[in-house]
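Reading through the structure tokens given below for one structure.
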């Protein structure tokens, strides 16, 4: 230990490293992105959401990525484990968002190995805010990354979720959160349909229906596609940890939700 400051070894001996990113910078290994404004037409990850239920959080994202008015990918994964008891969902420039998520996962693992303890849930949320803020220069060039983060707080014994803005502002949300191109439509649906004390199956259904509602109004959001076997990326985070909901479980729920749409 070093007053909460992780340490790293190099050929010279012990060198302070505030984080895994700082360790990379010490050895000139940190990734560097330099682009001219408007020079890229990178795929964009679109709609993601999270909502609270009785035992934790459900987090979901559609599978579509767009490049301008073109569907670039139909099976993009937008929700990832941050660690065993938290999850992060991505929207914005897909490649940048995936890299940020991978680095975030590594940072949490690095902290736990160096400090011998897991970072608190609020600490994780704050660390992610700092990473989003570090992307600000690229955001001005159009490479925007805006995540959602959730986890189970052992101290408070409940699931918590956080939203972010493009400058790294972090906001704890009480009931649900959305972002991305279809975020407004998904939020309007959740405002009407979310209820306190939802069970797991109902929470998953509401999340799927919110993405379907968004896909009906936003061309960049892809709804469930049973014909192709494409379903949203859905996970739950509870006291038991992170769980990815399988397509076999989502399929019947999605079909019923599609059939029930007016």
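Numbering (the numbering used here), first residue to last: 1 to 262. Using N, Cα and C, we set each Cβ at its ideal position, and we do this for glycine too.
Residue j beta carbon less than 9 Å from that of residue i
{"i": "residue 211", "j": "residue 61", "result": "yes"}
{"i": "residue 148", "j": "residue 192", "result": "no"}
{"i": "residue 47", "j": "residue 214", "result": "yes"}
{"i": "residue 88", "j": "residue 136", "result": "no"}
{"i": "residue 217", "j": "residue 182", "result": "yes"}
{"i": "residue 200", "j": "residue 55", "result": "yes"}
{"i": "residue 204", "j": "residue 76", "result": "no"}
{"i": "residue 104", "j": "residue 143", "result": "no"}
{"i": "residue 146", "j": "residue 180", "result": "yes"}
{"i": "residue 130", "j": "residue 169", "result": "no"}
{"i": "residue 101", "j": "residue 80", "result": "yes"}
{"i": "residue 49", "j": "residue 186", "result": "yes"}
{"i": "residue 222", "j": "residue 71", "result": "yes"}
{"i": "residue 175", "j": "residue 121", "result": "no"}
Residue i, DSSP secondary structure in three states
{"i": "residue 81", "result": "strand"}
{"i": "residue 47", "result": "coil"}
{"i": "residue 55", "result": "coil"}
{"i": "residue 118", "result": "coil"}
{"i": "residue 104", "result": "helix"}
{"i": "residue 181", "result": "coil"}
{"i": "residue 132", "result": "helix"}
{"i": "residue 159", "result": "strand"}
{"i": "residue 92", "result": "strand"}
{"i": "residue 151", "result": "strand"}
{"i": "residue 188", "result": "helix"}
{"i": "residue 206", "result": "helix"}
{"i": "residue 220", "result": "coil"}
{"i": "residue 146", "result": "coil"}
{"i": "residue 123", "result": "helix"}
{"i": "residue 260", "result": "coil"}
Straight-line gap, residue i to residue j (C-alpha atoms, nearest Å)
{"i": "residue 85", "j": "residue 63", "result": "23 Å"}
{"i": "residue 118", "j": "residue 108", "result": "8 Å"}
{"i": "residue 253", "j": "residue 245", "result": "11 Å"}
{"i": "residue 224", "j": "residue 96", "result": "25 Å"}
{"i": "residue 99", "j": "residue 194", "result": "32 Å"}
{"i": "residue 43", "j": "residue 219", "result": "14 Å"}
{"i": "residue 242", "j": "residue 82", "result": "9 Å"}
{"i": "residue 53", "j": "residue 196", "result": "7 Å"}
{"i": "residue 125", "j": "residue 239", "result": "18 Å"}
{"i": "residue 173", "j": "residue 114", "result": "30 Å"}
{"i": "residue 123", "j": "residue 190", "result": "28 Å"}
{"i": "residue 106", "j": "residue 112", "result": "10 Å"}
{"i": "residue 158", "j": "residue 141", "result": "38 Å"}
{"i": "residue 262", "j": "residue 160", "result": "33 Å"}
{"i": "residue 248", "j": "residue 90", "result": "23 Å"}
{"i": "residue 133", "j": "residue 68", "result": "25 Å"}
{"i": "residue 37", "j": "residue 94", "result": "The pLDDT assigned to residue 37 is 44, lower than 50, so where the model puts this residue is not dependable; a value taken from the coordinates is nonetheless given after this. Roughly 17 Å separates the two Cα atoms."}
{"i": "residue 171", "j": "residue 116", "result": "28 Å"}
{"i": "residue 164", "j": "residue 110", "result": "23 Å"}
Presumed contact (8 Å Cβ cut-off) between residue i and residue j, rounded CB distance
{"i": "residue 162", "j": "residue 237", "result": "With 8 Å as the limit, residue 162 and residue 237 do not qualify as a contact, their Cβ atoms being about 12 Å apart."}
{"i": "residue 232", "j": "residue 250", "result": "7 Å"}
{"i": "residue 207", "j": "residue 51", "result": "6 Å"}
According to DSSP, residues forming a beta bridge with residue i
{"i": "residue 113", "result": "DSSP output for residue 113 lists no bridge partner at all."}
{"i": "residue 170", "result": "164"}
{"i": "residue 225", "result": "230"}
{"i": "residue 244", "result": "235"}
{"i": "residue 197", "result": "In the DSSP output, where bridge partners are listed per residue, residue 197 has none listed."}
{"i": "residue 71", "result": "66"}
{"i": "residue 215", "result": "Beta-bridge pairing links residue 215 to no other residue."}
{"i": "residue 60", "result": "49, 234"}
{"i": "residue 87", "result": "81, 150"}
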